[in-house]
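Numbering (this note's numbering), first residue to last: 408 to 769.
Glycine residues also receive a C-beta, built at the ideal position from the N, C-alpha and C atoms.
Structure, as structure tokens:
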Ligand SMILES: [Fe+2]
């Protein structure tokens with residue numbers, strides 16, 4: 408009310424009014440508590456308790472053609488042994504310098520040349536490998552060698568000793584995904600390096616797949632285990648299941664004919680922090696929109712297509728790696744039969760009770 412304001416001004420004889428006084432008093436208070444390492448929640452409430460998930464992650468594709476030639480070039484600069492792990496990090500463009508593809512997951516492309524060994528170590532962060540190129544290199548995990556081929560999905564769980572070797576005649580390249588951004592968020596990372604470059608094998612090659620990934624469990628198998636005892640989920644076994652799913656008509660409108668890699672002991676995800684899936688999208692598939700609180704790293708193993716993420720369109724083909732940020736609406740489109748591997752932090756979010764999705768995302 409202009410009259411009232413005027414009266415107020417007159418009453419104060421040109422001095423600052425009560426509103427100004429309270430602002431000045433508040434600022435003086437904020438300055439004073441700041442010296443005690445304190446701050447008012449009411450000033451930041453809406454940015455720390457957000458109405459919707461907020462992410463810094465941006466959608467992005469790493470084209471394999473470019474990635475492969477750069478990784479091959481790195482082979483002339485440093486040995487696997489010298490590097491411990493010869494890996495080029497796939498850094499989300501919005502988070503350069505943080506070694507992250509999403510806020511919770513690391514992604515990198517590792518190469519091991521014929522005759523090389525990547526020495527044994529272990530660490531609290533869990534890792535997965537998804538093989539892109541080459542055949543006949545191995546990952547040794549807890550005394551068992553898993554020989555790998557393209558499309559194989561290999562896990563090295565929390566604190567499992569592991570080393571890599573390549574007795575084949577060709578370089579092998581794979582996608583590494585680790586949960587160390589999650590572990591480091593809790594500031595709980597630990598690692599140990601062994602004197603011996605390679606661990607002694609104590610089990611037959613492929614034992615874990617035979618014992619635990621065949622619909623049976625041997626006597627004495629653990630009854631509770633929060634990560635899978637299977638080391639290598641081979642593409643040769645998993646890929647044909649997708650054709651059967653497709654034939655059976657089990658094709659999700661968003662995710663295609665999809666299977667999740669599971670821990671055979673409890674039917675849960677392979678690792679407590681990361682879950683992975685393999686999906687077939689039939690020729691001409693035009694996906695409905697979907698959004699969820701987990702950011703996802705995808706790899707195309709067959710075919711190619713596009714993923715629309717809000718206003719961005721990602722184009723991808725075989726062995727390209729791409730990232731979809733949390734909560735952004737996305738949909739896949741393919742022209743020919745296409746297979747996508749994907750990995751996310753969904754189990755960690757589910758365990759914490761914070762996971763949510765929108766199936767009819769508009
Ligand atoms: Fe490692």
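Ligand 1 heavy atom lying under 7 Å from the CB of residue i
{"i": "residue 534", "result": "yes"}
{"i": "residue 530", "result": "yes"}
{"i": "residue 569", "result": "yes"}
DSSP-derived helix/strand/coil call for residue i
{"i": "residue 570", "result": "strand"}
{"i": "residue 528", "result": "strand"}
{"i": "residue 479", "result": "helix"}
{"i": "residue 683", "result": "strand"}
{"i": "residue 411", "result": "With a pLDDT of only 46 at residue 411, under 50, the local geometry of the prediction cannot be trusted, and no value is derived from it."}
{"i": "residue 620", "result": "coil"}
{"i": "residue 699", "result": "strand"}
{"i": "residue 709", "result": "strand"}
{"i": "residue 416", "result": "With a pLDDT of only 48 at residue 416, under the threshold of 50, the placement of this residue in the model should not be trusted, and no figure is reported."}
{"i": "residue 590", "result": "helix"}
{"i": "residue 523", "result": "coil"}
{"i": "residue 449", "result": "helix"}
{"i": "residue 717", "result": "coil"}
{"i": "residue 544", "result": "coil"}
{"i": "residue 492", "result": "coil"}
{"i": "residue 563", "result": "strand"}
{"i": "residue 639", "result": "strand"}
{"i": "residue 471", "result": "helix"}
{"i": "residue 758", "result": "helix"}
{"i": "residue 456", "result": "coil"}
{"i": "residue 610", "result": "coil"}
Between the CA atoms of residue j and residue i - distance to the nearest angstrom
{"i": "residue 545", "j": "residue 699", "result": "35 Å"}
{"i": "residue 763", "j": "residue 683", "result": "17 Å"}
{"i": "residue 511", "j": "residue 587", "result": "7 Å"}
{"i": "residue 664", "j": "residue 670", "result": "20 Å"}
{"i": "residue 600", "j": "residue 529", "result": "7 Å"}
{"i": "residue 602", "j": "residue 520", "result": "22 Å"}
{"i": "residue 427", "j": "residue 566", "result": "59 Å"}
{"i": "residue 375", "j": "residue 706", "result": "The first residue shown for the chain is 408 and the last is 769, placing residue 375 beyond what the model contains."}
{"i": "residue 484", "j": "residue 518", "result": "12 Å"}
{"i": "residue 743", "j": "residue 710", "result": "6 Å"}
Own chain, CB closer than 7 Å to residue i, minus 5 neighbours either side, in chain order
{"i": "residue 719", "result": "466"}
{"i": "residue 653", "result": "664, 687, 689"}
{"i": "residue 543", "result": "554, 574, 575"}
{"i": "residue 411", "result": "For residue 411, the predicted structure reports a pLDDT of 46, less than 50, and the residue's modelled location is therefore unreliable. A value from the coordinates is still provided. Taken in chain order, the list of residues that qualify is empty."}
Chain-order list of residues whose beta-carbon lies under 8 Å from that of residue i (same chain, five-residue window excluded)
{"i": "residue 488", "result": "523, 524, 525, 526, 604"}
Own chain, CB closer than 6 Å to residue i, minus 5 neighbours either side, in chain order
{"i": "residue 660", "result": "695"}
{"i": "residue 547", "result": "570, 606"}
{"i": "residue 460", "result": "700, 733, 734"}
{"i": "residue 508", "result": "497, 499, 514, 704, 730"}
{"i": "residue 722", "result": "713"}
{"i": "residue 634", "result": "564, 678"}
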